[in-house]
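Numbering (the working numbering), first residue to last: 114 to 372.
Cβ coordinates follow ideal geometry from the N, Cα and C atoms, glycine included.
Working notes, structure below.
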Amino acid sequence: MGTHRRILSIFAVIFAASIPFSFIACSDSNSTSAFGENPQAYSEPALESSSSLAPESSSTIPESSSVAQSSSSSIIAQSSSSVKNVQLVNDKECTAENEGVVETEWKRLFNGGPTMVIPVYPSYYRCENGSWNPKEASVTCDTTGVTVGAICGKVGRPQESPETGDVLFFIYEGDGNWKRLYVNEEAPKKCTADNAGSVEEFTFGNEQSNVKLHYECDYDEYLVPPGRWSYLSKEEYEEMKRSSSSSSSFANSLSFEPS
């Protein structure tokens, strides 16, 4: 049930959201969160209709001092229908002068009509030995001053991040290396028959930067593995908690002690 709700939620965000695009930047050397010196602001490329490789601009994540409280809808990439053909990164020359440089290429998942707001998602490339080679999103995570266990979040395509909504999260392992966060491997609690249908909030990361994510335990004995944590948006999580609380209150009101 959670998987179907997640898919519907992702496409609802894609077609309904009209906010400007923004996404998370990782920590600077003096930061206390994944947003740098100012925990409520970050700087990332913003899409412009004249270019696929966007200039930097600052945006603000509302009501958040960490990656944690940012809903996926606030960091999903959005473009206007006026965006024309996207220039390929490979059209730019990769030379010894820009060896190691990372570029971002924006791509639509599909084409739409003239009135549709079509989201675009980033792909990342690094100039290496004369060629632009595709890289995982973590290639743009800053490692300056970052401590082991810190979290970095980057926009991902929906099919890339089914466990974490529209964002790919990475955990810093040290020595410049980031590993992908796989919730069903890293969650502090397993999804089993005993807690099937329960909803949980998990925190990943450390004191420097962390993220709170929400899940429902989907259990089916015929699947392998039978129990998996299914991603919920913060809104879905809160609604399910309210519904559960209301049901419990109603059940308690019907209970009575025999005389």
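Quick one: is residue i buried, meaning 16 or more other Cβ sit within 10 Å of its Cβ, or exposed?
i, result
"P301", "exposed"
"K354", "exposed"
"T217", "buried"
"E206", "exposed"
"A263", "buried"
"Y328", "buried"
"E298", "exposed"
"E352", "exposed"
"E276", "buried"
"V312", "buried"
"L294", "buried"
"C139", "Here C139 scores only 44 on pLDDT, less than 50, and its place in the model should not be relied on; the value that follows carries that caveat. Answer is buried; the Cβ neighbour count reaches 16."
"T373", "This structure gives no information on residue 373, because the portion of the chain shown stretches from 114 to 372."
"V337", "exposed"
"Y344", "buried"
"S274", "buried"
"Y335", "exposed"
"S358", "exposed"
"S346", "buried"
"G269", "buried"
"S356", "exposed"
Identify the continuous alpha helix (DSSP H) that holds residue i and give its terminal residues.
i, result
"A299", "Correcting the residue type first, residue 299 is Glu in the shown sequence and not Ala. Where E299 is concerned, the enclosing alpha helix (DSSP H) stretches over 296-299."
For my contact list, residue i and residue j are in at a C-beta cut-off of 8 angstroms; report their separation, rounded to the angstrom.
i, j, result
"D279", "C304", "Going by Cβ atoms, the distance from D279 to C304 rounds to 22 angstroms, so no, they are not a contact pair."
"F283", "F317", "10 angstroms between Cβ atoms; not a contact."
"V215", "Y237", "6 angstroms"
"T257", "N319", "With a Cβ gap of about 16 angstroms, T257 and N319 do not count as contacting."
"S322", "W291", "About 12 angstroms; that fails the 8 angstroms criterion."
"G243", "V324", "No, G243 and V324 are not in contact; Cβ-Cβ is about 37 angstroms, not under 8 angstroms."
"G213", "C240", "6 angstroms"
Taking only three categories from DSSP, how would you classify residue i?
i, result
"S244", "strand"
"V337", "coil"
"S236", "strand"
"E314", "strand"
"K347", "helix"
"K220", "strand"
"E210", "helix"
"D331", "strand"
"K398", "The question about residue 398 has no answer, for the chain in this structure spans 114 to 372."
"V261", "coil"
"N319", "coil"
"S357", "helix"
"L121", "Residue placement at L121 is flagged as unreliable, the pLDDT there being 47, under the threshold of 50; the coordinate-derived value follows with that caveat. It is helical."
"E352", "helix"
For the beta strand (DSSP E) holding residue i, just list the boundary residues, first then last.
i, result
"G287", "280-287"
"N290", "290-293"
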